[in-house]
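Enquirer:
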Amino acid sequence: AAAGCQTAAAPRMKLGVVSPQGGRSELVDAARSLCVRAQAGRVSPRSIDEGAVDRQLDADGVQRPEVGLVLQYCHEGLLGGLLPWHTRIAHFVHMGRLRHATEPALHRALHEYVSLNQRHGR
Numbered sequence: 084a085a086a087g088c089q090t091a092a093a094p095r096m097k098l099g100v101v102s103p104q105g106g107r108s109e110l111v112d113a114a115r116s117l118c119v120r121a122q123a124g125r126v127s128p129r130s131i132d133e134g135a136v137d138r139q140l141d142a143d144g145v146q147r148p149e150v151g152l153v154l155q156y157c158h159e160g161l162l163g164g165l166l167p168w169h170t171r172i173a174h175f176v177h178m179g180r181l182r183h184a185t186e187p188a189l190h191r192a193l194h195e196y197v198s199l200n201q202r203h204g205r
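Per this note's numbering, the very first residue in the sequence shown carries number 84; after that it's consecutive.
1. Who does VAL153 pair with in a DSSP beta bridge?
2. Applying the criterion that 16 or more other CB atoms from any shown protein chain within 10 Å of the CB defines a buried residue, is GLN139 buried or exposed?
3. How would you write the range of the alpha helix (DSSP H) that SER130 sits in, first residue to last?
4. With the cut-off set at 7 Å, would you say LEU154 and ALA188 are in Cβ contact?
5. If I measure Cβ to Cβ from GLU149 and keep anything under 6 Å in the same chain, skipping five residues before and after, which residues do I get?
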């Protein structure tokens, strides 16, 4: 799961840290809850979509803000517990292995992100 906090320098910016295992158990719990509700007749199985999963995750108290920038510290392009529909407008920067992380590399990635002209499909 993501751990988020507001930064002191930019109160509207949120920093989240996720792990490759994060999010799996939350998705399983949400799916289980939706199945129980469907078996009890409280929800139609046909009405279960991304929105239903989002609402169930909200009801379970899982925080999943839409992501703007993803810094990936691995050799594979993994979502790291992020749900695909929460990364639809995200900019991904592959940073290499974490043990080789440097401050200048982080600065370059942040500069790349703030220099983007994000049109969001327009």
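Here a beta-carbon is modelled for each residue, glycine too, at the ideal position from N, C-alpha and C. Note that the coordinates shown come from a computational prediction; the quantities given were computed from them, not determined experimentally.
Expert: The structure says:
1. PHE175
2. buried
3. Taken as a continuous stretch (DSSP letters only), SER130 belongs to no alpha helix (DSSP H), as it is neither H nor E.
4. no
5. Answer for GLU149: HIS169, listed in chain order.
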